[in-house]
Amino acid sequence: QDKEVHESDFTAELANETAVVRNIRRAPPPPLDPQRDGIVFQQLEIDHYFKTPPGKTDQEPILRMFGVNDSGNSVLCHVHNFYPFFYARAPPGFEVSHCSDFMKELNKAVLENLRSNKDATTAVVGVEILHKESIYGYTGNIKRPFLRITVVQHKFIGTCRRVLQDGNFLFAPLSKTPLAYEVFETNLEYNLRFMVETDVVGCNWVELKPGSYKVRAESDKASYCQIEIDVDWDCIVSHAPEQSDDGPDWLRVAPFRILSFDIECMGRKGVFPEPEVDSVIQIANMVQVQGQSKMFIRNVFTLDSCANIVGSDVRSFKTEEELLRAWAKFIVEVDPDIITGYNISNFDLPYLMNRAKALKVDDFPYLGRMRHTKSRIIETKFSSKAYGTRESKVTTMEGRLTFDVLQVLQRDYKLRSYTLNSVAAHFLGEQKEDVQHSIISDLQRGNEQTRRRLAVYCMKDAVLPLRLLSKLMCIVNYMEMARVTGVPFSYLLSRGQQIKVISQLMRRAKMQDLVIPVHDSQGSDEQYEGAIVIQPKRGFYEEPIATLDFSSLYPSIMQAHNLCYTTLLQRKDEREKLAPDQYIKTPTGDYFVKSSVRKGVLPQILEDLLAARKRAKADLKKEKDAFKRAVLDGRQLALKISANSVYGFTGATVGKLPCLQISSSVTAFGRQMIEQTKSLVEEHYPGSTVIYGDTDSVMIDFHEPDLAKVMKMAQEAAVYVTSQFVRPINLEFEKVYYPYLLINKKRYAGLYWTKLDKYDKMDAKGIVTVRRDNCPLVVTLISTCLHKLLIEKDKKAAIEYAKETISDLLCNRIDISQLVITKALSKTKEGYANKQAHVELAERMRKRDAGSAPAMGDRVAYVIIQSHKDAPAYEKSEDPIYVLEHKIPIDTSYYLENQLARPLLSIFEPILGETQAKSMLSGAHTRTIVKVARSDSGLMKFAMKQETCIGCRALLRKGEKTLCAACSKDSSRYYQKELSKLVSLEERFNRLWSQCQRCQGSVIQDVICTSKDCPIFYMRKKAQKDLSDQDKLVRRFEGLQAW
Amino acid sequence: AKSFLSAPPESALAHNPVFDPQLERVELPVTNTSERFLVKERHFVQYSSLYFRRLRTMRQMVAERALAKWPAEKHRAEILAINGTERCWFIGTTFKSMKLKPSILEELDARRQYEAPPPSRSKYTDESDELILEDETGRVQISVGNDFPVGDLVSGIVMAVLGAEGDDGEFCVDDFCFAGLQEQIARPLRAEPNAPMIVLVSGIEFSDSTTNLLSLQMFADWITGQAGSDMEQQLVSRITRVVIAGNLLGTLEDTTQQALYKTKNEDAESVKHMKEVDDFLEQLANSVPCDVMPGDNDPANHLLPQQPLHPCMFPQSACLSTLKGVTNPYEFTIDGASFLGTSGQGISDIFKYSVGEDRLATLENTLKWAHLFPTAPDTLGMYPFQDNDPFVLNKCPHVYFAGNQPSFAAKMVTGQDGQQVRLISVPRFSKTSTVVLVDLASLEAFPVSFAAF
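The listed protein sequences correspond, in order, to chains C and F.
Read left to right, the first sequence gives residues 1 to 1043 (my numbering).
Read left to right, the second sequence gives residues 1044 to 1496 (my numbering).
Okay, structure coming up:
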């Protein structure tokens, strides 16, 4: 065999190979002359630290702005001398001359009352009188004296507030007895206060003029940023994020660096990896510059050797300590502005941190930009009405933004599953290999080839988050949101909607000399009536149904009726001072002044937001450049969301400044308008009926079959109704549903038309929820039926399809992946109050094989199998793979009754009537049932297996192997019937397994993927099993006759 | 109706026809050498071992050619050993990544379920197609510039490429080579006036809409000696064997996907047409030995190699000793000439995934690639062999044919070592009413058409 090519020569050569060296550092900045050169950079993150300035004894806050300039250099700007402040209502008789003494007295009182920081020598550093007005309630447009109290540190504000509010503070020059002071804006965060005062909004461009700043020498630098400067707070020039035709484009985005990474750990069988025990074996990294599609750094850090990966930099380490140390160094070298990945906040980062701690790699946790600041893990609990409660971990990396794609998706998209796998399939149309923990360990223990395999897998997991970010334009959109609402970028993931409204409210209040009272949030149970709907008239409408929508209903109501804190008439005496045409009474009996008296702040914010949105939309239409279009689209979306959250802010009882008079008036107006619209339309178009009305839309049946006519009438109706309301309330004709299936409140489906030639899409609301305890079969069945009903307009076909699906289900012909229900195993068995199907199953699987059993945090996939009568559901759950391997019969009636029945009836009842619809669940198609004998049952083990005739299933007699004597004469028929099944299974087997090879990117390596989210995972297993069985059956014919 | 034979070339006809009322058909023994295409034990495992075996077997065949072609060039035995810009050659299995390649994953994608199915195409090639070479150690993307003929290649070929890695990690190919034609048993071609002949026919395609029954009957009458002139009959008497290269049946409706409550008492669609097939074969085999290969439409297994059709489907004809069911592919030796042929799935599949239009060129390519079905199992059904890949061509046949092609074509190709192979594209009878005659002395092939008016 001298032809065999010598292989051993190459391993030696390989050892000599060094990894590709690429310059991963940022290009050095050009020399900077602070007297001649200005600095312009986009700030991405603002925080602060404390330091005692030279010559002083107390710590003072110094703000830090981190950012990037146009040439991609990292910038850190220390901002000095900005002190926090708040307001208090000046008591009667308070004069300018009192200020200085008041300050001293208050300072003393505060220092005495400090609960911590007892060694502070100064707290209050300024008191001045300003003329302001409280934002809450109309008080005749009169500005009154307020005290602006400035303190050294933000934490003194709390003590100040206590001292002033409690009524124990005596200021002798003013009164003989202590007074209670009303305080304002004590709860505004320091960073945000700074941003409001300097007009800095999230991610905007900041400029420092020549001569206004100092550059730090390399030796004085506190951070790894390339340019580090010191500046006084009032030297900051903040540029509003706008683009003008002559000036610079302040909408642009700096070329910042995004790093995405993923780690792999050595798992033990049946246990989720624990950082105290299980090693980190690989870390893959991808680095991209914003605005560029190429990932200019692609590397993977591996424990133990790893074979070369073309086009990537493989760095192998002998020990885990070296690996971790090298990675931390790598982060500092690359100096990313944004760190992303999938679930890095709650898994990868804390894992690395804890692992480094366990291994005592003390120089690891310096991942931030500050040279001497350790990264820490902070456990946070985030609660929001909109997003629910979520516990999460934050690993601090000062100066860098953590942007976990999983968190973004959980916030912005409602999905059935959030595994990277299913998310990639959903948004990118890519299936991704999913490798089990235990296999990861096997690959690591193998050789450099198997570790290479793992590395490729790991790298893919690092690439996907970047692809998702760019596909969904997350960064661009979030940046726009930060700019529009004025909050720092990092708030968008860590905070709720309220902070965005507060930021806008503060900015607006500052402009108008308004101060915002402090609301002690206490959860009240006060409920106001929600938006009632016009009771739906259930049915299947085969005529076009026009839908009219109030555009931005709640914002426009607030604008039209001037609803605001500043316009609220709380007291009768205030009202009596006004003429009756100067105020309005809302349907809830609250009073607000009209804009002629005083224009509300909230309406102004909304006006700005909606005007900006209009501009963005207009620009969007003109813009040709794809990236700028993305920016503008993100902007208009952010503006819309912000406008809607203003209403929510006034209704949030646990919020910073709730005002239920506003929010309940808004909804009451909304209800009234829907009802009014109904009567206006029905009067104006005799014979027409409003069949349904939701929060901000009405659906009209004009009883007119012609689509074009309906569209025309709907347009006219919208104009007519709009003319009856106050501007800017606007009823718009948006779409026609044709046909339309109205099931119930918020549950309907229809074909969506906006133009005459073709429908836009099929719209289905609230019919099959994304709840995971629905199996995919339900979703498929319902959406297919709807498709047949609405698009093909073929009721018969829809019914037929439903019947066939039911028949297939009862005959065990439904692909098992369609029947799988998944639930996350989030607690131990003891953690659940009731017995749960997925928990019980996990327990059973652990007993069977601890290695493959789901671990804590995994998702458990199960199907419901047949069991003895009256067995509770939790006992009937089983692992789908186990079911396939052992041919365990599925409890098909469970699926029919508990999964399919309800949604099926709900869509067919409006069409067929109750009785007819019910008959779909019985009838001829439910009578052909295929029973599967389980191969693992006790009885089967003892039963003598006797062959039956393939034709008639009769027991075969001695000497007969395939068919009984009677069926023998029809052997050709029976053979062909069984063969045709074999052929279709063979075809499936081939297509499925070659698909998996394509997906994993190798034909020579075994497919090891176990992604339960992949539609073909169970299918390929089943095809294999079924094919094997069918092949055996067909081969029994071989004994019959030979050529 | 009257039959017209398209006249065979002069050379095929006897030079001095002598009338003989008792014409005897020439009998020649045939040796079936298709043993390796019979699948005995079946294990439906995944395809990785098959690809592994294919590469292991063919690497040596390709390496031999590459060493001869590039004696002075550096060789790398593994893809992962390719080192930067160093010029070298290596061997790998091709994988063609094509955006139009149908994917079962996409078909199952719920969101695409209602979209109009993609327009049916005769070809899935696109300008964006990419070629990747893979071995046990990894993959490398081939840079498609430099006139590299991505369009002509398909997945599953084991080949060698010479070049160097470019800046972006793609491999820029300067030259490439395949395994080429393998060893052939010497058998001089000779011109012989009355040499025995065999007939190749494919694509008879019985179905509900069979339209050319008349042509088929004319063919049967002709071959059984019941039609035609004396001269023709004499010609027919030289036909020693008929090989049916697949698709006795046309495409039939697949009922296996319908709900059971509707089909449980129904027969497979093929049943009634197999009776017609049986009648036809009985007629034929009573007069001339016939070998029947299964084709794509026939009631046989789908994964290649297809096993012989089951005799139980031929209650009348199977008892004739002259009728034999054989495998697809089918290899046999007759009169010292080795024949290798398929029912054409491989050629038709390669046609879809490469740019070429010429079926004979494709047939020739598979010889050069030394593989019968390179695109299997990626886009063509194939049994997951674990220990060997029986479709590797490690010998060179004298006649190499593919059935069920759109038209007749034939040519002689000469290999690098002087091998001579007759390539034949056997047309679908149902569309062309044409069969192919092969002269066993000269190995020349010519079409005979049965046009009915």
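Here a beta-carbon is modelled for each residue, glycine too, at the ideal position from N, C-alpha and C.
#1: Using a Cβ-Cβ distance cut-off of 7 Å, determine whether F/Lys1367 contacts chain C.
#2: Mind checking who F/Asp1460 pairs with in its DSSP beta bridge?
#3: Within the continuous alpha helix (DSSP H) that includes C/Val484, where are the two ends?
#4: Please tell me whether F/Leu1224 and F/Gln1462 are closer than 7 Å, where the distance is taken between their beta carbons.
#5: Quick test of your reading: C/Val124 and C/Pro255, contact by CB under 8 Å. State the CB separation rounded to the nearest angstrom.
#6: Count the C-beta pairs between the segment 457-472 of chain C and the segment 184-195 of chain C that are closer than 8 Å, then say yes if the count reaches three, no if not.
#7: Taking only beta-carbon positions, decide if C/Ser1052 is within less than 7 Å of chain F.
#8: Sort C/Leu147, C/Leu106 and C/Arg1035 by Cα distance to C/Leu514 and report the nearest one.
#9: For C/Ile814, I'd like the list of residues in its chain whose CB is within less than 7 Å of its CB, leaving aside the five on either flank, ordered along the chain.
#10: F/Cys1215 versus chain C: which residues are under 9 Å apart at the beta carbon?
#11: Do you know offhand how far F/Thr1365's Cα is from F/Arg1284's?
#12: Could you name the residues of the segment 947-979 of chain C whose beta carbon sits closer than 7 Å to any beta carbon of chain F, in the order they occur along the chain?
#13: Tell me whether C/Tyr138 sits in a helix, a strand or coil according to DSSP, three-state version.
#14: Counting only beta-carbon separations shorter than 7 Å, does C/Gly311 have a partner in chain F?
#15: By the three-class DSSP mapping on this structure, what secondary structure does C/Trp993 have?
#16: First and last residue of the beta strand (DSSP E) that includes C/Thr689?
#17: Taking C-alpha atoms, which residue in C/Ala509, C/Ser219, C/Ser664 and C/His684 lies nearest to C/Tyr647?
#18: Would you kindly check if the distance between the Cβ of C/Leu303 and the Cβ of C/Leu323 is under 7 Å?
#19: Please return the same chain residues whose Cβ sits closer than 8 Å to the Cβ of C/Tyr720, not counting the five positions on each side in sequence.
#20: Across the segment 582-600 of chain C and the segment 632-640 of chain C, are there enough close Cβ pairs to call them in contact, namely three or more that are closer than 8 Å?
#21: Where does F/Asn1431 fall in DSSP's three states?
#22: Here's the rule I'm using: 16 or more other beta-carbon atoms within 10 Å means buried, otherwise exposed. How should C/Glu709 be labelled?
#23: State yes or no: is the C-beta of F/Pro1072 nearer than 6 Å to some heavy atom of the ligand NAP?
#24: At a CB distance below 7 Å, what residues from the segment 640-665 of chain C approach chain F? Give them in sequence order.
#25: Does any CB atom of chain C fall closer than 7 Å to the CB of F/Arg1085?
#26: Between C/Asp1031 and chain B, is there a C-beta pair that is closer than 7 Å?
#27: Taking Cβ-Cβ distances shorter than 7 Å, what residues in chain C pair up with F/Thr1180?
#28: Using a Cβ-Cβ cut-off of 6 Å (strictly less than) and excluding sequence neighbours within five positions of F/Asp1460, which residues of its own chain qualify?
#29: Which value, in whole angstroms, describes the spacing of the CA atoms of C/Ile281 and C/Ala618?
#30: Mapping the DSSP letters down to three states, classify F/Gln1349 as helix, strand or coil.
#31: If I'm right that F/Ser1245 touches F/Phe1451 with Cβ under 8 Å, what's the distance once you round it to whole angstroms?
#32: Around the C-beta of C/Cys225, are 16 or more other C-beta atoms found within 10 angstroms, so that it is buried, or is it exposed?
#33: With distances taken Cα to Cα, identify the nearest neighbour of C/Thr1010 among C/Lys1025, C/Arg859, C/Thr926 and C/Lys887.
#34: Please classify C/Thr586 as buried or exposed, where buried requires at least 16 neighbouring CB atoms within 10 angstroms.
#35: Using a Cβ-Cβ cutoff of less than 6 Å, which residues in the same chain neighbour F/Val1204 once the five nearest sequence positions on both sides are dropped?
#36: State the Cα-Cα distance for the pair C/Arg144 and C/Arg575, rounded to the nearest angstrom.
Per the coordinate set shown:
#1: For the purposes of this step, residue 1367 of chain F is taken as residue 324 along the second sequence, with counting starting at 1. Closer than 7 Å: yes.
#2: As a first step, residue 1460 of chain F must be located in the second sequence, where it is residue number 417. According to DSSP, which records beta bridges pairwise, F/Asp1460 is partnered with nothing at all.
#3: Translated into positions along the first sequence, residue 484 of chain C becomes position 484. C/Val484 -> alpha helix (DSSP H) spans Cys474 to Thr485.
#4: As a first step, residue 1224 of chain F is located in the second sequence; it is residue number 181 there, counting from the start. As a first step, residue 1462 of chain F is located in the second sequence; it is residue number 419 there, counting from the start. In this structure, F/Gln1462 lies closer than 7 Å to F/Leu1224 by Cβ.
#5: Numbered from its first residue, the first sequence carries residue 124 of chain C at position 124. Numbered from its first residue, the first sequence carries residue 255 of chain C at position 255. Between C/Pro255 and C/Val124 the Cβ distance is about 44 Å, and since that is not below 8 Å, they are no contact.
#6: no
#7: Lying before the first or after the last residue shown, residue 1052 of chain C is absent from chain C, which here runs from 1 to 1043.
#8: Taking the first residue of the first sequence as position 1, residue 514 of chain C is located at position 514. Selected option, being the one with the closest Cα: C/Leu147.
#9: Here residue 814 of chain C refers to the residue found at position 814 of the first sequence. Excluding residues within five positions, the ones whose Cβ falls inside 7 Å are Leu777 and Asp808.
#10: Residue 1215 of chain F sits at position 172 when you count from the first residue of the second sequence. The premise fails here: F/Cys1215 is roughly 13 Å from chain C at the closest Cβ pair, so nothing lies under 9 Å.
#11: As a working note, residue 1365 of chain F is residue 322 in the second sequence. As a working note, residue 1284 of chain F is residue 241 in the second sequence. C-alpha separation (whole angstroms): 9 Å.
#12: Ser971, Ser972, Arg973, Tyr975, Gln976, Lys977 and Leu979
#13: For the purposes of this step, residue 138 of chain C is taken as residue 138 along the first sequence, with counting starting at 1. C/Tyr138 falls in the coil class under three-state DSSP.
#14: In the first sequence, residue 311 of chain C corresponds to position 311, counting from 1. Interface residue, yes.
#15: Here residue 993 of chain C refers to the residue found at position 993 when the first sequence is read from its first residue. Reduced to three states, the DSSP call for C/Trp993 is helix.
#16: As a working mapping, residue 689 of chain C is identified with position 689 in the first sequence. Element bounds for C/Thr689: Thr689 to Asp694.
#17: Start at 1 with the first residue of the first sequence, and residue 647 of chain C comes out as number 647. The candidate whose alpha carbon is nearest that of C/Tyr647 is C/Ser664.
#18: On the first sequence, residue 323 of chain C is found 323 positions in, with the first residue counted as 1. On the first sequence, residue 303 of chain C is found 303 positions in, with the first residue counted as 1. The answer is yes: Cβ separation under 7 Å.
#19: Numbered from 1 along the first sequence, position 720 holds the residue referred to as residue 720 of chain C. Same-chain partners within the cutoff: Leu680 and His684.
#20: no
#21: Here residue 1431 of chain F refers to the residue found at position 388 of the second sequence. In the structure shown, F/Asn1431 sits in coil (DSSP, three-state: anything other than H, G, I, E or B).
#22: Numbered from its first residue, the first sequence carries residue 709 of chain C at position 709. Checking the displayed sequence, the identity of residue 709 of chain C turns out to be Lys instead of Glu. Counting Cβ neighbours within 10 Å, C/Lys709 comes out exposed, since fewer than 16 surround it.
#23: Inclusion of the ligand NAP in the displayed structure is not the case, the ligand content being empty and no account of it being possible.
#24: none
#25: On the second sequence, position 42 is the one that residue 1085 of chain F refers to. At least one chain C Cβ lies under 7 Å of F/Arg1085.
#26: No chain B is part of this structure, whose protein chains are labelled C and F.
#27: Locating residue 1180 of chain F in the second sequence gives position 137, counting from the first residue. Correct list: Ala307 and Gln449.
#28: Within the second sequence, residue 1460 of chain F is the residue found at index 417, counting from 1. There are no such residues.
#29: As a working mapping, residue 281 of chain C is identified with position 281 in the first sequence. As a working mapping, residue 618 of chain C is identified with position 618 in the first sequence. Rounded to whole angstroms, C/Ile281 to C/Ala618 spans 52 Å at the Cα level.
#30: Working through the second sequence from its first residue, we reach residue 1349 of chain F at position 306. Reduced to three states, the DSSP call for F/Gln1349 is strand.
#31: The residue given as residue 1245 of chain F occupies position 202 in the second sequence. The residue given as residue 1451 of chain F occupies position 408 in the second sequence. That belief does not hold up - the Cβ atoms of F/Ser1245 and F/Phe1451 are roughly 11 Å apart, past 8 Å.
#32: As a working note, residue 225 of chain C is residue 225 in the first sequence. When all chains shown are included, C/Cys225 counts as buried.
#33: Residue 1010 of chain C sits at position 1010 when you count from the first residue of the first sequence. Of the candidates C/Lys1025, C/Arg859, C/Thr926 and C/Lys887, the one whose C-alpha sits nearest the C-alpha of C/Thr1010 is C/Arg859.
#34: To locate residue 586 of chain C, count along the first sequence from 1; it is residue 586. Result: buried.
#35: As a working mapping, residue 1204 of chain F is identified with position 161 in the second sequence. Only Val1216 and Phe1219 meet the Cβ criterion.
#36: Residue 144 of chain C sits at position 144 when you count from the first residue of the first sequence. Residue 575 of chain C sits at position 575 when you count from the first residue of the first sequence. So the alpha carbons of these two residues sit roughly 20 Å apart.
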